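Note that the UniProt record's numbering numbers the sequence shown so that position 446 is 446, with each residue one more than the last. Glycine included, every Cβ here is placed at the ideal spot set by N, Cα and C. In this text, all values refer to a predicted model and were calculated from it rather than measured experimentally.
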Amino acid sequence: MGTLVDAIVVDLEASKDLNYPIVSKTKVYRYFKSSFAEFWEQFVVECWDSETFQSTDVVENCIDWLTTLSSAEVRAVRHTSTMAAYEIGKALVDRARLVRDQMAPIARQYTAEAKKLKDTPKKTPKFKKLHETKNKYDTQRKKIMAAIDMLFKGVVVHRYRDIMPEVRAASVAALGAWIQRMPDVFLEDNYLKYLGWMLNDKHAKVRVAVLEALQGIYESAKPSKIEAFNARFLRRYLEMCDDVDDDVVLRAIHLVAKIDRLDMLGDECDLTVVERLVFYDQDDRISKAAAEFACLQYDAFGVSRQKELSEAQLTTQAIALIEFAEEYMESLGEIERPMETLVSAFWDLEDCQVIQNWRLLAKLLGSDSQDPALTSEQQTILIQLIAAVLKRLSEDESAPKARKASSRKKTSDEEPASIYFCRELPHFMMRFQADSEKVCLLLQWLSLLNWNASNINQHHEHVEMLLQRLKQVYITYSEEPFLDALSSAFHYMAESSNTTLKRDVDVVLFAIAQEGVDQCATLIRQRNLDDDGHFLGGYLDLREYLKATDRTLLLEFIADRSTHFTGDALAIKYALNIVLKDLLWATTPVFDMLEKSEVHDDVDTHIQKVLRRRHAVEDALLQLLSMHLKQPVTRDTPNVHDVLDDELDEDAPHWAEIQAVQLEAFKALCDVRCLCVEKFDALAPPLDIVAYKPHPNLLALSQSFYERTLESGDEDENAQRDVVVALASASIWNPQNKRQAASVLRLVTYAGLRPIAKAFGKLLSSLSPVKLLEVQMVALRHTFEDSPQTAIDLAKALSQSLGVKLPVSLRGSYLKFLFEGLRVSLLSPLDEHVGFLQLLKPYLYRLEKAAMKELQEHFDALRGRLVDDTTDVDGILDEFYTVLTGAAPKPSESSSVPTPKKRRRATSLSDDDDDAGATNPAVSNITIRKRRRGPEAQPTRRSSRIRSAPDSDDEVFDLKETPNVKMSSEASVDEDNAKDDEEATMVDEEETKDDEEETKDDEEETKDDEEEAKDNEDEVINDDEEETKDDEEETNDVDEDVAQVEDEAPTMVASFRTKRRKTG
């Protein structure tokens, strides 16, 4: 046997394919596994039929061999032999069951005959024959069970803990098959306990196999036999409904539903963990299985197996469904598309026939006789439910025939939904006119109906009434969500292929726009500051209706309302939207020329039109962003930073409305920067002048707003997110400004803004990984200048964002990134900068040995050129040197970091991104530098802020950490610039050396790749100890990837009106 195993190992080592036949997915071995299993099954059958099994020990010897091989260190041998052993076991169990069935009538006859001869000493021939046959079957059965017991004790008991998940899954499946086929023998705790233990296996594939095995056992076994086992592991079943793997969750739901059908769920079980999965939108199988389970828990569902239920029964189902949605939507918090997920889950379930009956749902919404009446929240849910049903019906109509066939057929005389709601929707809007939220939801129905139906023209009077009602509503209401929903409905109806409907919609839209513009002009001329001006929404394309005089009126309106502000933020916001959209549409011809690579003769005309309108928008933004000042800022305002200090008090009237207006102005400024990006500078005249460089005064105002917003703490998290998203968008489209991008990336340490900063870094990495490294260096430098301890946390977060493995193409830039970090750490004065070394430690573990050695040599060279006294910092330098030379460099959290005393301007990592505009304030982008404060201080809205003109286009939105720090003078800035130029020259020389050494690195990497390929082949034959370590590491990685961030739903204690646990 040892020689055979050695030969197999040699063959595996010589094979170029690392996959062995039983797991190979190649075409040659596609059917090998099934053929392999069939071979061993036929082997047992042949031995049985030829009576070889009864007369020889060939099967027992084979089991001995397979038992020995199943413990081999070679995975391929161990897995293959285990599979063979389990196939033999299944075949033996089938033979044992056959013997048991054949023996049953013989045993009954033998018992009956023995009773007859109880008092007679003489045995009849029949009794002797029965006795002989019974003994024969007994002998066969004992031998079979002995062979099965050998397999169980020799293979199953050891392999169910195997390091390979495939082997563990096969062990569980084999044991489950034995129990299902012979429950009278194997349905005992001695065997079931192994399945229970494997419910906690670390690999999802094994957990799935256990649940599938238990599903079969519960279906075939008597409830009394598994009652004790069920009571012990029922809690674990429910826990697995919240597993990280969807396949495990699905099997767990099916198993719990089966247990419920057997009436083995206790009343104390918390079933919310299953029912809330109805709203799980990542896997339709899970939500539908959870819906089927929910139907088992409510008397309203499944009340009749008839094809049609009565209206009262359907109404009861509808109310139960609404209450179900209400409870879980409240407990689960914010859910994306909850009603669509719920409808998809209950769709086509025979136990919930009401889900497709939109007519009954609409009747329930308009009913006044329902007792008890629906609450306001339930009415809102019902409106959303009807919208989801209409959307599903619309999808089914456009779906393939197979899906259409699955839907229930409607009667031929049933009125189409578009006709019904065209007639009834105005009544619903009148019913809920006091609740704008419900009206907005009702308007969404219009975008879900089929307006292309030919019979819509037969009810033209209803369509006209609906359109006139919508027109009146548009003129009456001014809420933004309402106008947005109404404009979407108009747009959907206008896109219909029904020409009559399109014509009617166009007439209504023109009337709305014309009336809105006329009334708006009248209101502006009247200077009525108390009116909301709700026609300034801009949700319709008003270019065809706006004249030049109207546009001027809007600009005058913005100037007037910002000067005499009375809290009417909505009207100013709408006016700004119209002016901004007018600019966006004006740029359309320019972008069309760029897309077609054709420059027309009238390009100058279009560009001048863009510049004029952009100039007007900029004037409006200056007025809006200075609303919080006692003195407004214009283009001609000198010393704007002195004006910024004279602000209104926070308790001034309409302070919150002013902040809302300025938020829209800030977002509009970022939108303009995203439109007129810096790439226009590289185009030929006259297109190059489209590139946007905001006015310095506008930049100072935007800086002031940005500071106030981020200093507001948790008072308005939504405003903070909007501001950061706007700045991040502008940074993506204007990548030369690395400091601005760094200000967004720094927010990764702020809990509320961390998702935005991480998403920004991911997007920046996909566009340019090298640029991401440059931005990270700028972010680390700025944060280190403000708070060294915060910089350490930032370095850890930014390092993790780069991923586990560094791409080969990024290794050179990554090393230059660390070189730049060393240069910054050893700047003079040394005691102020040496703490920056602590920030580099989280980045070191990605370096290979050759790169680490090169970094060590570079560090030695820089340290040798130091001219400052290093006595006070030798400990820090020596510690970092130890990390470079150590086997496993890791960041030290306990090392002290000297606090810098002054700030220095960051230097770019690339030559083409130098601060070219450092001496020209006109070359500008959004420039913001936040005030400093201590690391323990909490942010406040009002305090003294730093005011300074931007030094360059690369100024930054900085979040400072220490209060009352004065800005450096122009002389100190010039001195820093000179030092940076000198240091940049040194970096150039070092980069030349780096380029020469890259060739050497490439040769070493080629050699490493060859060794790695050889190592991959050797990994086929690993010992059990090494495999255990690998699998544990892999499991840890998977656990980190699937970590859940959403909160667990609290235990539900409120019961529904229609909910009642079924009994009996």
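Please confirm whether residue i and residue j have their CB atoms less than 8 Å apart.
i	j	result
Val744	Phe760	yes
Ala289	Leu250	yes
Val610	Val579	no
Val273	Asp243	no
Cys295	Cys352	yes
Leu182	Arg97	Residue identity differs from the one stated: residue 182 is Met in this sequence, not Leu. Yes.
Ala345	Ala291	yes
Gln662	Leu625	yes
Leu195	Gly176	yes
Ala85	Ser71	no
Thr634	Leu644	no
Glu227	Met264	yes
Lys738	Val775	yes
His254	Gln282	no
Ala511	Lys471	yes
Ala387	Leu441	yes
Arg469	Pro416	no
Leu342	Ala318	no
Val873	Leu822	no
Could you check the C-alpha separation between residue i and residue j for me, to the nearest Å?
i	j	result
Tyr20	Asp162	18 Å
Val778	Val824	11 Å
Cys269	Asn230	13 Å
Gly812	Leu877	24 Å
Ala559	Ser765	42 Å
Leu262	Pro223	7 Å
Lys391	Arg78	54 Å
Tyr845	Asp94	57 Å
Tyr328	Ile335	10 Å
Val208	Tyr492	46 Å
Lys679	Ser398	43 Å
Asn135	Val185	19 Å
Arg285	Glu350	16 Å
Gly917	Ala665	Low confidence applies to Gly917: its pLDDT is 36, below 50, so where it sits in the model is not reliable, and the reading given next is rough at best. So the alpha carbons of these two residues sit roughly 26 Å apart.
Glu595	Lys762	28 Å
Thr790	Ala742	15 Å
Glu219	Lys258	8 Å
Ser497	Arg503	11 Å
Ile689	Lys573	28 Å
Gly89	Thr111	31 Å
Arg141	Ile355	56 Å
Asp6	Trp40	23 Å
Asp299	Tyr477	43 Å
Taking the alpha carbon of residue i as the reference point, which residue from the options has its own alpha carbon closest?
i	options	result
His833	Glu73, Arg781 and Met103	Arg781
Arg359	Leu393, Gly333, Glu326 and His203	Leu393
Gly154	Arg181, Ser81, Val672 and His462	Ser81
Ile217	Ile572, Phe510, Asp869 and Ile179	Ile179
Gly886	Lys841, Val873 and Lys202	Lys841
Assuming residue i contacts residue j (C-beta within less than 8 Å), just tell me the rounded distance between them.
i	j	result
Cys670	Ala726	4 Å
Glu657	Ala728	Wrong, their Cβ atoms sit about 26 Å apart, outside the cutoff.
Leu818	Tyr843	6 Å
Ile22	Met83	6 Å
Leu815	Leu855	7 Å
Val748	Leu794	7 Å
Span of the alpha helix (DSSP H) holding residue i?
i	result
Val208	Ala204 to Ser220
Ala682	Neither: Ala682 is in no alpha helix (DSSP H) and is coded neither H nor E.
Gly89	Arg75 to Lys116
His460	His460 to Thr476
Leu309	Neither: Leu309 is in no alpha helix (DSSP H) and is coded neither H nor E.
Leu798	Pro788 to Gln800
Ala291	Asp284 to Leu296
Arg754	Arg754 to Leu767
Arg236	Glu227 to Met240
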